[in-house]
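One line per chain: the protein sequences are A and B, in this order.
Counting in this note's numbering, the first sequence runs from 299 upward without gaps.
Counting in this note's numbering, the second sequence runs from 914 upward without gaps.
Beta carbons are placed, not taken as given, at the ideal position from N, Cα and C, and that holds for glycine.
As the structure is a prediction and not an experimental result, all values here were calculated from the model.
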Amino acid sequence: MIIKEVGARLLTFMVPFMTTFFAFAEHGTPIEGTKEKFNAGEVIMHHVMDNHEIHIGPLHIPLPVILYSNDRGLDMFSSSNISSGKPYLGYVMEHEKIYFVGANGEVSKDINGHINASKPLDLSITKTVFGMFLTMGIMLFVFISIANTYKKREGKAPKGMQSLFEPLILFVSDEIAKPSIGKKYKKFLPFLLTIFFFIWIGNMLGLIPFLGGFNVTGNIAVALVMAFFTFLLTIANGNKDYWMHILWTPGVPWWLKVPIPLMFVIEFIGFISKPVVLTLRLFANITAGHIIILSFVSLIFIFNNLYGAGGGYGVSLLSLAFSIFMFAIELLVAFLQAYVFTLLSALYFGSAVEEHEHAH
Amino acid sequence: MELLTILLDMANAYMGAGIGAGIAAIGAGIGIGRIGGSALESMARQPESTGDIRANMIVAAALVEGAAFFGIIVCLLIVLTIA
C-alpha cells in the first residue's frame, strides 16, 4: 500500500519535471507579419537593464526624459512621446538609448546596421534613478524619525521603529566597524551605515514583484560609484604607513624594488583592483539573481510557445516552486551583499588608518 | 588554416561561453564546499565557537562566490555582445 502510494506520488511529481527535457530557449527576432513570439532573452534583458518608464502591474508610467547637448541645450519631456520609436524633437530612442536624428529624419546606421549616431547627455529620471530616489526616501524617513525618537525619549527604552533598527545599527557599529577599524571607527560610521542600508534596501526593492522591477544595485554604475567613494575615502585617510606599504614595502629585499619596481606593481594592482572587485561582486550577484528568477518565470511562457496553453499551465507549478526558492535565496543574498560590501569597506579603511609598531 | 577557421566560427563562441559558465559554477561549488566542510569540522571540534565560525564561513563564501561571478559575467558578455 505504502509503496504504491509513494510510487504514485513520485510519478505525478516526475511527469511535469520530465517535460522540461524538451525545452530549449528561443533565440532570434520574430518575423514580420507573424504573431509576436515570446523572446525570453530580450524580455529578461529588458527587465534587468534600465528603462525610461515604470511598469507597476498593468500600469505603464512614463518617466521624464531630460537631455542636454551643447547646441540644443536642455530638453525635458515625458518619455511617452519617444517610447514608440518615432523621432520626437530631433531625438529618437532605440533600445532605451536616445540618439540624435540625422539629416534624413532617421538615426544614422553604418553598413552592418549598427547605430553610429551621436547621443545627447541623458540625465533622465529613469527607472533606476527613481528606484534610488525611493531608497533614499525610505532611508531619510526611517532614520530621521528614529533620530527624533531618540531625542524625545532620552534615557527611556526604545520603542517602535527605533527598537527595530537599533540592533541593526549596533550590528554595523560593533561587528563590522569596530573590529575592522579599531579606535577611529566613529569617523567612518556614517558612511558605513549609509552604504549598508542603501545596498540592503536597494536589493530588497528589486525583489518586490510587480512593483516596477527595480534593479538599483544591480546597475554597474551605481555599484561603481559606491565603490569609488570607498576608494576615495581610503586615499583621503591613508596615513604614512599605508602609503609606505604601497610605494616602498618595508621588509622586502631591495632588489625587488630598485631596478624594476616589482613590489610596487604588485601593490598597485592590489590597490586598483579593490574598488573594481567591490563593484563587480555587488553588481554581478544582484543581476545574476534577477536573471535567474526572470528565467524561471519565463519558462512558463517558453512552454506556452512550445506546447500551447497546456504546457504553460503544466510547468507553472514547478516554475513557481523554483521561483519562490530563488526569492528566498535572494533575500539572504540581499543582506549578505550589503554586509560583505560594508565589511570590506571597513577593512580597507582599517588598513588605511592602522598604526603599526614596526616589527618588520 | 583549418584551426583558424574553426576558432573564428561564431557558433563556437556560444559553446565556449556555455562551457565557461559551467566551469565557473564548478569552481564556486568546489570552493564553497571546502569552506563549508572545514567550517562544519571545526564546529564539531569546538561547539561553543559555532557562532563565530558561522559568520566567518558566510563571509568567505560570499568572497569566493564573487570570483565565480567574474567568470559568469565574462561568459554573459560573450553571448550578449556577439555582433
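| query | result |
| --- | --- |
| Whether B:Ala930 touches B:Val972 by CB criterion (8 Å) | no |
| Proximal chain A residues relative to B:Ile985, where beta-carbon distance stays under 9 Å | Ala582 and Ala586 |
| Proximity test, Cβ basis, 8 Å: B:Gly944 and chain A | no |
| Under 9 Å by beta carbon: chain B residues contacting A:Val514 | Ordered by position in chain B, no residue passes the 9 Å Cβ test against A:Val514, which lies about 18 Å from the chain. |
| The beta strand (DSSP E) enclosing A:Met347, as first and last residue numbers | Unbroken run through A:Met347: none, as it is neither H nor E. |
| Residue-level contact to chain B via CB, A:Leu597, 8 Å cutoff | no |
| Cutoff 8 Å: B:Gly949 Cβ touching any chain A Cβ | no |
| Cα-Cα separation, A:Met437 to A:Leu491 | 11 Å |
| Separation of B:Ala968 from B:Glu961, as counted between CA atoms | 14 Å |
| Reduced DSSP category for A:His358 - H, G, I as helix; E, B as strand; rest coil | strand |
| Under 8 Å between C-beta atoms of A:Gly500 and A:Val346 | no |
| Three-state secondary structure assigned by DSSP to A:Phe508 | coil |
| Inter-stretch contact at 8 Å, needing at least 3 Cβ pairs: the region 606-617 of chain A / the region 369-383 of chain A | no |
| Contact check, A:Glu565 vs A:Thr547, beta carbons under 8 Å | yes |
| Coarse secondary structure for A:Val520, derived from DSSP in three states | helix |
| Closest by C-alpha distance to A:Met374, when choosing among A:Leu560, A:Asp420 and A:Ser406 | A:Asp420 |
| As assigned by DSSP and simplified to three states, the class of A:Asp472 | helix |
| Same chain, Cβ closer than 7 Å to A:Leu509, five either side skipped, listed in chain order | Ile354 |
| For A:Phe623: DSSP bridge partner residues | Partner(s): none; A:Phe623 has no beta bridge. |
| When A:Thr640, A:Val631, A:Ala401 and A:Leu597 are compared against A:Phe620, the one with the closest alpha-carbon | A:Leu597 |
| Euclidean distance between Cα positions of B:Ala924 and A:Pro465 | 53 Å |
| Beta bridge counterpart(s) of A:Gly371 as assigned by DSSP | A:Ser367 |
| Which of helix, strand or coil DSSP assigns to A:Phe496 | helix |
| Sequence-distant residues of the same chain with beta carbon closer than 8 Å to A:Ile383, five excluded per side | Here residue 383 of chain A is Gly; the residue named in the question, Ile, does not match the sequence. The residues are Val390, Met391 and Glu392. |
| Proximity below 8 Å, CB of A:His412 to CB of A:Ser381 | no |
| Neighbour list for A:Val575 in chain B, Cβ cutoff strictly below 8 Å | Gly979 |
| In chain order, each alpha helix (DSSP H) run of at least 4 residues that lies wholly inside the region 596-657 of chain A | none |
| Residue range of the unbroken alpha helix (DSSP H) whose run includes B:Met928 | Met923 to Arg958 |
| For A:Tyr389, the residue or residues it bridges with in DSSP | A:Tyr386 and A:Phe398 |
| Partner residues on chain B for A:Leu641, Cβ-Cβ distance less than 8 Å | Val972 |
| Collapsed DSSP secondary structure at A:Ser377 in the structure displayed | helix |
| Closer than 7 Å at the beta carbon, the chain B residues around A:Leu634 | Ile971 and Ala975 |
| Buried/exposed call for A:Phe439, threshold 16 Cβ in 10 Å | exposed |
| Any chain B beta carbon closer than 8 Å to A:Arg579 | yes |
| Residue burial classification, A:Pro551 (beta-carbon count within 10 angstroms, cutoff 16) | exposed |
| Residue from A:Ala525, A:Ile533 and A:Tyr540 with nearest C-alpha to A:Val575 | A:Ala525 |
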